[in-house]
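S.K.: Here it is: the structure, laid out below.
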Amino acid sequence: MSTSSRYPIPTDRFRCEIEVERSRFVTTVLPVISPDEAQKFIAAIKAEFPDANHNCWAYLVGSPGSTDQVGMSDDGEPHGAAGKPMLTVLQYSGLGDTVVVVPRYFGGIKLGKGGMVKAYTAAVKTALDQLPRSERVDWVRLQAMIDYTLVTLFARRVAAFELEILDTDYGQRVSHEIRLPREREEAFRGMFDDLTAGQGGLISLD
25 MSTSSRYPIP
35 TDRFRCEIEV
45 ERSRFVTTVL
55 PVISPDEAQK
65 FIAAIKAEFP
75 DANHNCWAYL
85 VGSPGSTDQV
95 GMSDDGEPHG
105 AAGKPMLTVL
115 QYSGLGDTVV
125 VVPRYFGGIK
135 LGKGGMVKAY
145 TAAVKTALDQ
155 LPRSERVDWV
165 RLQAMIDYTL
175 VTLFARRVAA
185 FELEILDTDY
195 GQRVSHEIRL
205 PREREEAFRG
215 MFDDLTAGQG
225 GLISLD
């Protein structure tokens, strides 16, 4: 996970197609959380389009614009004509944790290297401009134990922390399994200590 705790990602798998000089470019995009996951998806698309002339790809794992976990391939197209422009589009898209694969079916008209750069750029831009986006959030899970007398006050205070209660157990004390964005954990812990006068229990579950 990137040091940025939240950023835009594709909501789900997304596909679209464009045609350039009778060549078909079928673009598929997926959110991923690791290079291994990206490679598995690339292999799956190659298996889905075994008759394509080329299956070019690029991925970026991490926050938008990052360069530490990236990959690309021209898959037989002229060097620099596909993978690099695809990765460039990804790096300037505002998206993180994204892989894109573009099978190409040659239409009989040669595009030249410059034409291919434009075509692969357009194929990825068209997909990224249309795909639904959501947000990658770095969640932290905690177990919060409080006295029954504090249940109502706890419920009022947690709204400011984007906190979700995943499960609750009612024993000698109330035990909530919760999750919240990691960027809010420190402030939440401060609030919790203040609320319980240091008598509550807070355990990390990650």
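Just add 24 to wherever you are in the sequence shown, counting from 1, and you've got my numbering. All residues carry an ideal CB built from backbone N, CA and C; glycine is no exception.
1) Would DSSP call residue 1 helix, strand or coil?
2) Can you check the segment 111–177 for any beta strand (DSSP E) of at least 3 residues that lies completely inside it and give the ranges in chain order?
3) Could you have a look at residue 56 and say whether DSSP puts it in helix, strand or coil?
4) Would you call the segment 136–151 and the segment 102–109 in contact, with 3 or more CB pairs under 8 Å?
5) For residue 210, does the count of other Cβ atoms within 10 angstroms reach 16, so buried, or fall short, so exposed?
6) Hey, residue 124 and residue 81: beta-carbon distance below 8 Å or not?
7) Taking all protein chains shown into account, do 16 or more other C-beta atoms lie within 10 angstroms of the C-beta of residue 118, making it buried, or fewer, making it exposed?
8) Residue 166 and residue 114 look like a contact to me (Cβ under 8 Å); what is the Cβ gap, rounded to whole Å?
9) Quick one: residues in its chain with C-beta nearer than 8 Å to the C-beta of residue 32, no 5 flanking neighbours on either side, listed in chain order?
10) Going along the chain, which residues of its own chain have a beta-carbon closer than 8 Å to the beta-carbon of residue 56, five neighbours each way excluded?
11) In the structure shown, what three-state DSSP assignment does residue 48 receive?
12) Using the Cβ count rule (16 or more neighbours within 10 Å means buried), how would you classify residue 51?
13) Starting from the C-beta of residue 25, find all residues in its chain whose C-beta is less than 7 Å away, skip the five residues before and the five after it, and write them out in chain order.
14) What is the rounded straight-line gap between the Cα of residue 189 and the Cα of residue 132?
15) Among residues of its own chain, excluding the 5 on either side of residue 216, which ones have a beta-carbon nearer than 7 Å to its beta-carbon?
M.R.: This is what the structure gives:
1) Residue coverage of the chain in this structure runs from 25 to 230, which leaves residue 1 outside it and unanswerable.
2) Within the segment 111–177, the complete beta strand (DSSP E) runs of at least 3 residues are 122–129, 157–161 and 163–170.
3) Coil, per DSSP.
4) Yes, the segment 136–151 touches the segment 102–109.
5) Exposed, by the Cβ-count rule.
6) Yes, they are a contact pair.
7) Burial is judged here by how many other beta carbons sit within 10 angstroms of a residue's own beta carbon; residue 118 has fewer than 16 and is exposed.
8) The Cβ separation is near 34 Å, so there is no contact.
9) Counting only residues of its own chain and dropping the five nearest sequence neighbours on each side, residue 32 has a CB closer than 8 Å to the CB of 88, 118, 119, 120, 157, 158, 159 and 160.
10) Once the five neighbours on either side are set aside, the close Cβ partners of residue 56 are 62, 65, 83, 85, 121, 122 and 123.
11) Strand at residue 48.
12) Under this definition residue 51 is a buried residue.
13) Its pLDDT being 37, under 50, residue 25 is placed unreliably by the model, and nothing is read from it.
14) Looking at the two C-alpha atoms, the distance is approximately 58 Å.
15) The answer, listed in chain order, is 168, 224 and 226.
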